[in-house]
Amino acid sequence: MFRVAHNYGMKLHERESQAGAFDDGWEERLADRQRNPELSLLDRERNTRFHRAMHELSSQQQRCLFLRVMGLRYPEIGSVLGISAKTVGEFLRRAVTHLKKVCND
Amino acid sequence: MTSLFQHHPDDECLLRYADGELSVDQASEVQLHLKVCWQCRVRLAELEKVVEECVRYYQTVVAPHVPPPPAAWMNIRAELAALEQKISRPSICSRVWARLSAARRFRKPALKVALAATVLAMVFYQLYRAPSARAAELLQRAVNAEAKRTPKPRRIEIRFRGRHIASVVEGSHGAEDDHLSTEDRQAVDHLQRLFTTVRYRWTSPLSVAAFSDWRKTLSEKRDEVSVQALPLESGGSCYRLRTTTGSSSLAEATILLRTNDLQPIEGTWRFRNNEQIEASEVPLGSTEEHVPEGSALSAQSASDVHSEVEPPKVVGPADELHVLFALRQINADLDETLDVTRAAHEIAVTGVGIQPERQRQIRLALGSLPQVAVRFSDGTPPESPQSQKLSATVSTTTNAELARAWLEKQLGSRAAAEAFAERALNLTDAIAARSHALQRLAERFPVQDEEHLSSVEQRILGALRTDHATALVRATREFRITLKQTLKSGRSADTALPIRPATSWHATAHELSLQTREVEKLTAELVGGTHADGAPSMVAAQLQARLDEIERLATACAARGGERAEARP
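Just so you know, the protein sequences line up as chains A and B, in that order. For the first sequence, numbering that gives the first Met the number 0 gives the first residue as 0, with consecutive numbering after it. For the second sequence, numbering that gives the first Met the number 0 gives the first residue as 0, with consecutive numbering after it.
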């Protein structure tokens with residue numbers, strides 16, 4: 000039961016951090032204050048698109064992506080999430096393919 | 000041109016390369032390719048750009064909200080390093096050496112066993128693998144022969160449901176079939192639909208190219224090749240090539256090829272609904288004059304066959320809706336590992352780590368829908384006792400222990416508390432799955448798209464929505480009843496949530512998604528899985544209020560679906 004609760008907690012933790020990312024201040028934090036207003040506006044639009052694309056990823060894709068950003072290797076991510084390294088690779092590929100569309104626009 | 004230029008690594012391979020997840024050989028191969036290929040260098044740079052954006056996003060948006068890890072997690076890197084050490088396999092050389100060393104200890108028996116295993120493997124290969132290779136080789140030869148053959152008209156007789164549809168010139172079912180009776184024409188139209196559904200080229204069913212193209216679309220197949228004698232009057236022999244599959248509605252196709260010129264002379268197709276169609280070539284005799292000039296497709300070269308195939312139509316939200324509806328019928332749309340994406344000419348349904356039996360069910364459910372590509376990739380979760388070990392290293396906070404103690408007190412025993420916790424977590428999962436399904440539906444079919452759907456499709460969408468909403472109401476109600484056991488003292492008055500009117504079911508679905516997140520969070524706090532800010536009784540009361548709200552919203556969502564469906568003619 001403890002293990003079920005723990006795994007569940009991990010899932011919640013991820014969702015919670017994802018939900019927390021949708022506060023009002025995120026655009027402010029992403030914006031580069033050194034740039035001129037026109038570039039800042041373009042930046043802002045790009046950030047909004049990226050933020051939306053990130054929101055469109057499945058929770059499993061987000062988990063893999065954020066754990067990878069934190070520096071975990073594929074087998075490590077697999078161990079944490081209870082999936083194989085190959086599946087982690089597939090989730091990451093899907094996530095990156097989706098985000099690439101936004102970055103290359 | 001070397002193979003370095005011909006084989007560009009796909010995105011997954013490039014990503015694994017960038018992440019250092021490829022083996023040394025694979026990595027050096029990709030590295031060598033990157034040196035000579037500008038395109039792939041640019042693709043790699045694009046991937047790196049995405050990675051850079053992700054890191055920036057994580058650091059600036061996500062990380063500020065992530066609480067510091069509990070003390071026990073500080074050791075996670077050391078644990079993972081130990082884990083990697085444990086699971087990393089020795090090199091091939093050392094493994095071979097170890098085997099040989101072991102064999103030397105049992106010199107003769109080991110050699111005998113190895114020899115027997117090799118023979119068995121060869122027999123297995125001959126029995127199971129060789130037919131596929133032989134079939135592929137034979138088909139390739141037949142396709143080449145067909146392409147070289149001087150084109151001439153062919154008359155095909157089709158036998159279907161006890162009916163003999165003769166004088167059908169292969170590849171033509173239009174004006175030249177004027178002599179067909181109404182029943183025969185209906186049967187031909189039905190067959191055309193049947194073959195088109197399974198992507199078998201109907202314009203020339205009795206051709207090797209059509210058979211070969213269909214065979215290539217199969218993800219899973221089994222081939223049988225045999226030689227049999229032709230009837231005495233024709234003499235000679237023929238190859239009998241039979242392909243069976245579990246991945247298409249066309250369960251089995253057999254084609255007979257004359258041995259001397261590899262010309263197809265007979266074909267049999269058996270569909271999963273047990274419909275069987277037979278076709279054979281009949282000699283062109285006195286009926287030849289009925290063939291309109293230029294009507295026979297077989298009179299054209301085989302290379303022109305592809306140009307005769309109608310271009311695939313562009314798929315829209317309605318097609319996607321039919322796919323979702325089919326998945327709903329087998330309860331597969333709640334699965335996180337199944338992705339449905341709409342491209343220009345097809346709906347791609349992709350899944351990772353899905354059991355073979357489930358894969359078969361999904362393929363069967365989607366088999367009758369046109370322009371749907373189903374792809375599965377392997378992703379079997381590893382049996383990892385290590386992950387259990389890792390999870391056991393996490394410690395809980397004092398508040399979490401407090402919550403568990405409170406639960407035990409409320410329910411009378413530890414066993415009852417554990418049973419409650421498990422039930423609560425399962426119900427929350429059910430609520431989350433339905434709520435996310437509704438949210439995804441709202442995102443896929445926004446108001447403007449929904450308006451363009453036909454009345455039937457709008458009804459299907461309504462049915463899907465009502466189904467999810469009703470299941471959500473059911474699960475929420477069940478959870479509320481379960482939760483009542485813990486709220487013996489009654490609910491605090493200040494936990495009731497203000498009622499916000501939702502304008503459309505899309506908005507309701509979004510609101511439901513937010514409320515579900517809260518329920519997930521509160522459930523984890525209540526069962527002592529995560530740290531809680533308030534007293535357990537307060538958490539339980541808040542959870543009850545959220546569940547009330549979800550039930551209200553879900554009921555509204557279900558009713559809205561019903562109203563819309565009834566309002567339409």
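From the three backbone atoms N, C-alpha and C, an ideal C-beta is built for every residue, glycine too.
task: Hey, could you find the ends of the alpha helix (DSSP H) Asp225 (chain B) is sitting in?
output: Counted from its first residue, the second sequence places residue 225 (chain B) at position 226. It is Ser, not Asp, that sits at residue 225 (chain B) in the sequence shown. Unbroken run through Ser225 (chain B) is the beta strand (DSSP E), 221-228; no alpha helix (DSSP H).
Neighbour list for Thr96 (chain A) in chain B, Cβ cutoff strictly below 7 Å: Indexing the first sequence from 1 puts residue 96 (chain A) at position 97. Neighbours of Thr96 (chain A) on chain B, chain order: Asp10.
Arg239 (chain B) beta carbon less than 8 Å from that of Ser225 (chain B): Here residue 225 (chain B) refers to the residue found at position 226 of the second sequence. Here residue 239 (chain B) refers to the residue found at position 240 of the second sequence. Yes, these two residues count as a Cβ contact at 8 Å.
Compare the C-beta of Tyr57 (chain B) with all C-beta atoms of chain C and state if any pair is closer than 8 Å.
Of the protein chains in this structure, namely A and B, none is chain C.
**Study point:** With 16 other Cβ atoms within 10 Å as the buried cut-off, status of Asn74 (chain B)
**Key:** Here residue 74 (chain B) refers to the residue found at position 75 when the second sequence is read from its first residue. Asn74 (chain B) counts as exposed, since fewer than 16 other C-beta atoms from the protein chains shown sit within 10 angstroms of its C-beta.
Item to check | Minimum Cβ-Cβ distance from Leu406 (chain B) to chain A less than 8 Å | outcome: Along the second sequence, read from residue 1 onward, the residue named residue 406 (chain B) stands at position 407. So, not an interface residue.
Excluding the five sequence neighbours on either side, which residues of its own chain have a C-beta within less than 6 Å of the C-beta of Lys408 (chain B), listed in chain order?
In the second sequence, residue 408 (chain B) corresponds to position 409, counting from 1. Closer than 6 Å at the Cβ level, and outside the excluded window around Lys408 (chain B), lies no residue.
Margin query: Going by beta-carbon coordinates alone, are Cys237 (chain B) and Thr267 (chain B) separated by less than 8 Å?
Written below: Residue numbering aside, residue 237 (chain B) sits at position 238 when the second sequence is read from its first letter. Residue numbering aside, residue 267 (chain B) sits at position 268 when the second sequence is read from its first letter. Here Cys237 (chain B) is not near Thr267 (chain B), since their CB atoms are 8 Å or more apart.
Mark Trp37 (chain B) as exposed unless 16 or more other C-beta atoms lie within 10 angstroms of its C-beta, in which case mark it buried. The count along the second sequence starts at 1 and reaches residue 37 (chain B) at position 38. With fewer than 16 other Cβ atoms inside 10 Å of its own Cβ, Trp37 (chain B) counts as exposed.
- prompt: By Cβ distance, which residues of its chain are closer than 7 Å to Val49 (chain B), with the 5 residues on each side in sequence left out?
  reply: Looking up residue 49 (chain B) in the second sequence gives position 50. There are no such residues.
To the nearest angstrom, report how far apart Glu599 (chain B) and Gln59 (chain A) are at their CA atoms.
Residue 599 (chain B) falls outside the range modelled here, since chain B spans only 0 to 568, and no answer is possible.
Quiz item: With contact counted as at least three CB pairs below 8 Å, one residue from each stretch, are the stretch 60-67 of chain A and the stretch 81-101 of chain A in contact?
Solution: By the Cβ test, the stretch 60-67 of chain A is in contact with the stretch 81-101 of chain A, since at least three Cβ pairs between them sit closer than 8 Å.
Discussion item. For a cutoff of 8 Å on Cβ pairs, would you count Glu44 (chain A) as touching chain B?
Written reply: In the first sequence, counting from the first residue as 1, residue 44 (chain A) sits at position 45. By this cut-off, Glu44 (chain A) is not an interface position.
Report yes or no: is there a C-beta of chain A within less than 8 Å of the C-beta of Lys48 (chain B)?
-> Taking the first residue of the second sequence as position 1, residue 48 (chain B) is located at position 49. Chain A, which has a Cβ nearer than 8 Å to the Cβ of Lys48 (chain B), makes this yes.
* Asked: Out of curiosity, what's the CA-to-CA distance linking Ala132 (chain B) and Glu223 (chain B)?
  -> Taking the first residue of the second sequence as 1, we reach residue 132 (chain B) at position 133. Taking the first residue of the second sequence as 1, we reach residue 223 (chain B) at position 224. One Cα belongs to Ala132 (chain B), the other to Glu223 (chain B), and the distance between them is close to 10 Å.
(message) With a threshold of 8 Å between beta-carbons, can Cys63 (chain A) be considered close to chain B, or not?
(response) Mapped onto the first sequence, residue 63 (chain A) falls at position 64. Look at Cys63 (chain A): its C-beta is not under 8 Å from any C-beta on chain B.
>> Using C-beta distances below 8 Å, list every residue in its chain close to Lys100 (chain A), excluding the 5 sequence neighbours before and after it, in chain order.
In response: Residue mapping note: residue 100 (chain A) aligns to position 101 of the first sequence, counting from 1. Excluding sequence neighbours, Lys100 (chain A) sits near Ala52.
TODO: Using a cut-off of 7 Å between C-beta atoms, extract the partners of Leu91 (chain A) located in chain B.
DONE: Sequence index remark: in the first sequence, residue 91 (chain A) carries index 92 (1-based). Here the neighbours are Leu14.
Checklist entry - Cβ of Leu82 (chain B) less than 8 Å from any chain A Cβ? => result Here residue 82 (chain B) refers to the residue found at position 83 of the second sequence. Interface flag for Leu82 (chain B) against chain A is set, since a Cβ pair is found closer than 8 Å.
Residue environment, Leu440 (chain B), which counts as buried when at least 16 other CB atoms sit within 10 Å | Taking the second sequence and counting its residues from 1, the one referred to as residue 440 (chain B) is at position 441. Buried, since its Cβ has 16 or more Cβ neighbours within 10 Å.
#### Entry: DSSP bridge partner residues for Ala347 (chain B) (one or two, in chain order)
Locating residue 347 (chain B) in the second sequence gives position 348, counting from the first residue. Residue pairing from DSSP places Ala347 (chain B) in a beta bridge opposite B:Thr340, B:Ala372.
- Query: Should Ala81 (chain B) be labelled buried (16 or more other beta-carbon atoms within 10 Å of its own) or exposed?
  - Reply: Looking up residue 81 (chain B) in the second sequence gives position 82. Label assigned to Ala81 (chain B): exposed.
- Is Ala278 (chain B) buried or exposed, if buried means 16 or more other CB atoms sit within 10 Å of its CB? As a first step, residue 278 (chain B) must be located in the second sequence, where it is residue number 279. Burial of Ala278 (chain B) is indicated by the presence of at least 16 other C-beta atoms within 10 angstroms of its C-beta.
Worksheet item: Using the beta-carbon count (16 or more within 10 Å), is Thr340 (chain B) buried or exposed?
Response: Indexing the second sequence from 1 puts residue 340 (chain B) at position 341. Exposed, by the Cβ-count rule.
Please report how far the alpha carbon of Ser171 (chain B) lies from the alpha carbon of Thr202 (chain B), in whole angstroms. On the second sequence, position 172 is the one that residue 171 (chain B) refers to. On the second sequence, position 203 is the one that residue 202 (chain B) refers to. Because Ser171 (chain B) carries a pLDDT of 45, less than 50, the predicted location of this residue cannot be relied on, and no value is offered for it.
If Glu274 (chain B) and Ser246 (chain B) are in contact, beta carbons under 8 Å, what's the gap, nearest whole angstrom? Position 275 of the second sequence, counting from 1, holds the residue named residue 274 (chain B). Position 247 of the second sequence, counting from 1, holds the residue named residue 246 (chain B). Separation of the CB atoms of Glu274 (chain B) and Ser246 (chain B) is rounded to 18 Å, and the pair is thereby denied contact status at 8 Å.
In chain A, which residues lie with their C-beta within 9 Å of the C-beta of Val226 (chain B)? Against the second sequence, residue 226 (chain B) aligns to sequence position 227. At a C-beta separation below 9 Å, Val226 (chain B) has no neighbours in chain A, since its nearest C-beta there lies roughly 41 Å away.
Checklist entry - Near Val538 (chain B), which residues of its chain fall below 6 Å by C-beta distance, leaving aside the five closest residues on each side in sequence? => result What you label residue 538 (chain B) is simply residue 539 of the second sequence in a count that begins at 1. Result list for Val538 (chain B): Leu521, Glu524, Leu525, Ala531, in chain order.
Original post:
Taking 8 Å as the CB-CB cut-off, is Leu363 (chain B) touching chain A?
Top reply: Taking the second sequence and counting its residues from 1, one reaches residue 363 (chain B) at position 364. Answer no: the Cβ-Cβ gap between Leu363 (chain B) and chain A never drops below 8 Å.
Fully enclosed by the stretch 232-286 of chain B, which beta strand (DSSP E) runs are 3 residues long or longer? The beta strand (DSSP E) runs of length 3 or more contained entirely in the stretch 232-286 of chain B are, from start to end of the chain, 236-243, 249-257, 263-270, 275-281.
Q) Helix, strand or coil: which one does DSSP assign to His163 (chain B)? A) Taking the first residue of the second sequence as position 1, residue 163 (chain B) is located at position 164. DSSP places His163 (chain B) in strand when its eight states are reduced to three.
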